[in-house]
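For the sequence shown, this note's numbering assigns the number 33 to the initial residue and increments by one for each residue that follows.
Have a look at the structure below before the remarks.
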Amino acid sequence: MTTTENIHSPYAALAGRTALITGAASGMGAATARLLAAHGVRVALLARRADRLEELAARIGKDGGSALAVPADLTDQASVDAAADRVHAAYGTVDLVVNAAGVMLPNPVADGRADEWQRMLDTNVTGALRVIRAFVPDLIAAAAAGGTADLVNISSIGAHVPFPNYAVYGATKAALTYLSQSLRTELGPHDVRVTNLEPGLTDTELASHVDNADLSAQLDGMFEALAGLTADDIADLIAYTASRPRRVNLRQVIALPTRQA
Numbered sequence: 033m034t035t036t037e038n039i040h041s042p043y044a045a046l047a048g049r050t051a052l053i054t055g056a057a058s059g060m061g062a063a064t065a066r067l068l069a070a071h072g073v074r075v076a077l078l079a080r081r082a083d084r085l086e087e088l089a090a091r092i093g094k095d096g097g098s099a100l101a102v103p104a105d106l107t108d109q110a111s112v113d114a115a116a117d118r119v120h121a122a123y124g125t126v127d128l129v130v131n132a133a134g135v136m137l138p139n140p141v142a143d144g145r146a147d148e149w150q151r152m153l154d155t156n157v158t159g160a161l162r163v164i165r166a167f168v169p170d171l172i173a174a175a176a177a178g179g180t181a182d183l184v185n186i187s188s189i190g191a192h193v194p195f196p197n198y199a200v201y202g203a204t205k206a207a208l209t210y211l212s213q214s215l216r217t218e219l220g221p222h223d224v225r226v227t228n229l230e231p232g233l234t235d236t237e238l239a240s241h242v243d244n245a246d247l248s249a250q251l252d253g254m255f256e257a258l259a260g261l262t263a264d265d266i267a268d269l270i271a272y273t274a275s276r277p278r279r280v281n282l283r284q285v286i287a288l289p290t291r292q293a
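Printed below as a string of structure tokens:
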């Protein structure tokens, strides 16, 4: 992208910012990292798969961007603390946090899959809280210094639209949506924006985590019928949201495939 193109880009205001992105090894997180970096944002990439992160960081660097690969397990407090230390040592204060990590493990509640329930709770809810705890002081400091500060949580349309056999997943996303709503009351007075993004059917690795053959086939059928969104579509929305003037908080964004809407 040329300098002239950057000047006229709707994302020009992103240049010079520093972002922390969870779930950056694939899907929405990786797409968001690529797009933000292309517009001058330094991106810290958090996920468990170190090889994927290193590959993405190298690709971003080759394209002229700045990226730091930080392997971390969001279900482990010590791992998140160590990751935060690495990010701060390399980049200083973070002014944009994107909670994109998540797992979707649908099954009938009657199956009693407590292992799946715990994994979803630990990643989708507690993992997001660990990241928020680690970086909210950065956001408050960035805003106090006159900059723009954003917390973007990626929830799901499943937070308020029930789907059979997705009860626990939907409950974790409803918790994240409510958390976003509540955090605005705490962070808004500090000029920190909180955005809750609820995508509908989106083509990411989430579908590959499903171990129920019937539900997996059902998802495949939905993609054929509804033509789902792409990870790049979600990245575009995040970049647009974070590049608005700091007085503007796009607090709730629901993005659905046209045929699902």
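The C-beta atom is built at its ideal place from N, Cα and C for all residues, glycine as well.
Predicted model, so just to flag it, every value in this text is computed and none were measured.
Per-residue DSSP class, three states only, for proline 231:
Three-state DSSP puts proline 231 in a strand.
Proximity below 9 Å, CB of alanine 57 to CB of valine 129:
no
Return the CA-CA distance between threonine 290 and alanine 174, expressed in angstroms with no decimal places.
37 Å
Measuring straight from C-alpha to C-alpha, what distance separates glutamine 292 and alanine 203?
21 Å
With a threshold of 8 Å, are at least 3 pairs of Cβ atoms found where one atom belongs to the stretch 110-117 and the other to the stretch 88-100?
no
Only counting the same chain, and skipping five residues up and downstream in sequence, which positions put a Cβ closer than 6 Å to that of alanine 63?
Ala263, Asp264 and Ala267
So, alanine 82 versus alanine 101, is the Cβ gap smaller than 9 Å?
yes
Report yes if the CB atom of alanine 133 is closer than 9 Å to the CB atom of leucine 78, and no otherwise.
yes
Cβ pair valine 242, leucine 229 closer than 9 Å:
no
Using DSSP's beta-bridge definition, name the partner residues of threonine 262.
Asp235
Classify serine 214: buried if its beta carbon has 16 or more other beta carbons within 10 angstroms, exposed otherwise.
Result: exposed.
Under a Cβ-count criterion, where at least 16 other Cβ atoms within 10 Å of its own Cβ denotes burial, should aspartate 246 be classed as buried or exposed?
exposed
Where the beta strand (DSSP E) through leucine 100 begins and ends:
99-103
Leucine 288 - DSSP class collapsed to helix/strand/coil
coil
Can at least three beta-carbon pairs, one atom from the stretch 182-196 and one from the stretch 216-230, be found at a separation below 8 Å?
Enough Cβ pairs lie closer than 8 Å, so yes.
Contact check, alanine 271 vs tyrosine 43 under 8 Å by CB: the rounded distance?
Contact holds; Cβ gap of about 5 Å.
So, is histidine 71 buried or exposed, given that buried needs 16 or more other C-beta atoms within 10 angstroms?
buried
What's the C-alpha gap between asparagine 131 and valine 163?
One alpha carbon belongs to asparagine 131, the other to valine 163, and they sit about 8 Å apart.
Nearest to histidine 222 (by Cα), restricted to the options Met136, Ala121, Gly97 and Arg279:
Ranking the options by Cα distance to histidine 222, first place goes to Arg279.
DSSP on aspartate 252, reduced to helix/strand/coil?
DSSP places aspartate 252 in helix when its eight states are reduced to three.
Does DSSP put aspartate 108 in a helix, in a strand, or in coil?
When DSSP states are grouped into helix, strand and coil, aspartate 108 belongs to the coil group.
Alpha carbons only, please: which of Arg276, Ala191 and Ala249 is nearest the one belonging to alanine 287?
Here the closest residue by C-alpha is Ala191.
Just the Cα atoms here: how many angstroms apart are glycine 144 and methionine 254?
25 Å
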